[in-house]
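Numbering (full-length UniProt numbering) for the sequence shown: 1 to 373.
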Amino acid sequence: MGGRLTIFRPGLTRTPAMDPCACPLAPAAATDLDRRALLRRIGGLGVLAAVGAARPARAQEARYLRIATGSAAGTYFPVGETIARLLSHPPGLPACDPGTPCGVNGLVATAETSEGSVANVGAVAGRAVETALAQADVVAWAYGASGLFAGKEPQANLRVIASLYGESMHVVVKAGSGIAKLRDLIGKRVSLDRPGSGTRGDALMILELAGIKPKQILVQDLGPSRAAEALASGEIDAMFFFSGAPSANIGDIAGAGIALLPIDGDLREKLLAKGRYFMAGTIPEGAYPGVPATETVNVGAQWICALEAEDALIYDITKALFDPVNRAALDAGHPRAADITLATAVQGLAVPLHPGAVRFYREQGITLPAGAT
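Spelled out as structure tokens, the structure:
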């Protein structure tokens with residue numbers, strides 16, 4: 001599953017430039033063909049049989065929600081898939097019963113691969129996609145026209161639905177390489193991710209605070225999947241990558257022997273002072289074979305939308321995400337999906353919450369931090 005999904009409503013003419021899903025969220029009629037294609041996309045083969053058996057006399061109204069994630073080999077995509085499955089309750093199914101696992105009546109949600117956080121904030125702000133996952137620091141930079149977005153127009157319509165889990169900075173080397181600390185990277189071939197990526201911006205900041213200038217290393221402009229392959233084959237000596245642990249990219253090469261460099265002590269304290277979105281973190285023992293627990297820094301993975309998104313829809317999806325009856329769906333997904341809890345949903349917010357999410361959290365008695373509304 002991956003790539004871009006375009007949904008056409010009955011009565012619209014297909015043209016190469018047309019994507020009705022880029023419009024503001026609104027009810028849309030779904031044909032049986034539309035519904036079957038969408039259900040295949042979200043893995044609803046069992047649901048499909050139910051829809052076919054209980055086809056209504058007339059087409060029902062449907063709402064469509066896309067979640068832009070990251071590469072298929074990263075953490076965002078499987079987490080996004082888990083959330084999409086949890087939220088989806090397509091037209092034609094019986095209405096949700098209170099107290100039973102269910103999604104949002106009439107909603108079809110899909111997870112889509114993307115280029116990651118930087119692309120996602122632009123897509124959400126520009127209304128090209130309804131929701132997305134993104135690093136908290138990247139969201140903050142886009143909102144305030146700072147960091148990677150310095151000199152650009154502020155994307156002031158960005159809003160947070162929920163803070164989901166902590167993403168850890170991985171600084172990965174091969175086991176036995178003799179590289180034990182960041183200063184050992186001087187003179188080495190180091191991938192900082194692609195230019196313009198969230199990882200790259202943070203990696204440059206970490207190196208600067210560690211007293212390492214970019215010209216002191218041989219910078220490699222590799223995406224995470226290619227960087228992992230290059231590290232395993234000996235083409236590079238180290239890679240930086242922000243991801244929830246375990247990351248599939250790193251897990252794929254861990255069997256050949258890897259080590260993680262710590263980000264701790266004074267360096268970590270300097271990073272924590274740089275922005276409210278940085279948090280102390282630990283990549284746990286067992287995340288990768290043979291790798292002990294490693295101190296690092298985390299940023300929050302945040303589920304974002306545009307301020308213009310319909311309040312009622314954002315309320316509904318926030319409520320469904322944290323409904324206790326849906327807890328098992330999160331726990332059965334990617335390990336980081338199991339970290340999604342109501343207790344941490346408003347921690348480390350990069351930008352204000354969407355009004356629909358604010359309504360839900362207030363109903364739950366959650367104390368909102370300063371600047372959340």
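We treat Cβ as the ideally placed atom computed from N, Cα and C, and that holds for glycine.
Item                                                                                                                                                                   : Value
Distance, Cα to Cα, Cys96 vs Thr367?                                                                                                                                   : 29 Å
Residue range of the alpha helix (DSSP H) that Gly265 falls in?                                                                                                        : Gly265 to Lys274
Tell me whether Leu261 sits in a helix, a strand or coil according to DSSP, three-state version.                                                                       : coil
Does the Cβ-Cβ distance between Ala68 and Val129 come in under 8 Å?                                                                                                    : yes
For Leu192, which of helix, strand or coil comes out of DSSP?                                                                                                          : coil
Could you tell me the distance, in whole angstroms, from the CA atom of residue 374 to the CA atom of Ile304?                                                          : No answer is possible for residue 374: the residues shown for the chain start at 1 and end at 373.
Roughly how many whole angstroms lie between the Cα atoms of Gly176 and Asp184?                                                                                        : 13 Å
For Leu182, I'd like the list of residues in its chain whose CB is within less than 8 Å of its CB, leaving aside the five on either flank, ordered along the chain.    : Val171, Ile206, Leu207, Ala210, Ile212, Leu261, Ile263 and Leu267
For Leu107, which option in Trp141, Gly166 and Gly92 has the closest C-alpha, if you only look at C-alpha atoms?                                                       : Gly92
What do you get for Arg362, buried or exposed, if any count of 16 or more other CB atoms within 10 angstroms of its CB means buried?                                   : exposed
If you count every other CB in all the chains shown that lies within 10 Å of the CB of Thr113, and 16 or more means buried, which is it?                               : buried
Could you tell me whether any Cβ in chain C is nearer than 8 Å to the Cβ of Ala95?                                                                                     : No chain C appears in this structure, which consists of one protein chain only.
Report, in whole angstroms, the separation of the C-beta atoms of Asn120 and Ala306, which I expect to be a contact under 8 Å.                                         : Between Ala306 and Asn120 the Cβ distance is about 12 Å, and since that is not below 8 Å, they are no contact.
For Asp316, collect the residues of the same chain with a Cβ closer than 7 Å to its Cβ; drop the 5 residues on either side in sequence, then sort them by chain order. : Val104
Leaving out five residues on either side along the sequence, give the residues of the same chain with a beta carbon under 7 Å from the beta carbon of Ile186.          : Ile212, Gln216 and Ile217
Could you check where the beta strand (DSSP E) with Ile283 kicks off and where it finishes?                                                                            : Phe278 to Ile283
For Pro195, is the classification buried or exposed, using 16 other Cβ atoms within 10 angstroms of its Cβ as the cut-off for buried?                                  : exposed
What do you reckon, are the CB atoms on Asp137 and Asp193 nearer than 8 Å?                                                                                             : no
Pull up the CB-CB distance for Val173 and Val219, whole angstroms please, since I reckon it's below 8 Å.                                                               : Incorrect: roughly 16 Å between the Cβ atoms, too far for contact.
Suppose the cutoff is 8 Å on Cβ atoms and the five residues either side in sequence are ignored; what does the same chain contact list for Phe278 look like?           : Asp137, Leu271, Leu272, Val297, Asn298 and Val299
Would you say Val160 and Gln302 are within 8 Å of each other, going by their C-beta atoms?                                                                             : yes
Quick check on Thr152: does DSSP put it in helix, strand or coil?                                                                                                      : The question names Thr, yet the displayed sequence has Lys at residue 152. If DSSP states are grouped into helix, strand and coil, Lys152 belongs with coil.
Exposed or buried, what is Gly365 when buried is set at 16 or more other beta-carbons lying within 10 Å of its beta-carbon?                                            : exposed
With a threshold of 16 other CB atoms inside 10 Å of the CB of Thr318, please say whether the residue is buried or exposed.                                            : buried
Let me check understanding here. Comparing Cα to Cα, which of Asp221, Leu342, Ser247 and Val346 lies closest to Glu167?                                                : Ser247
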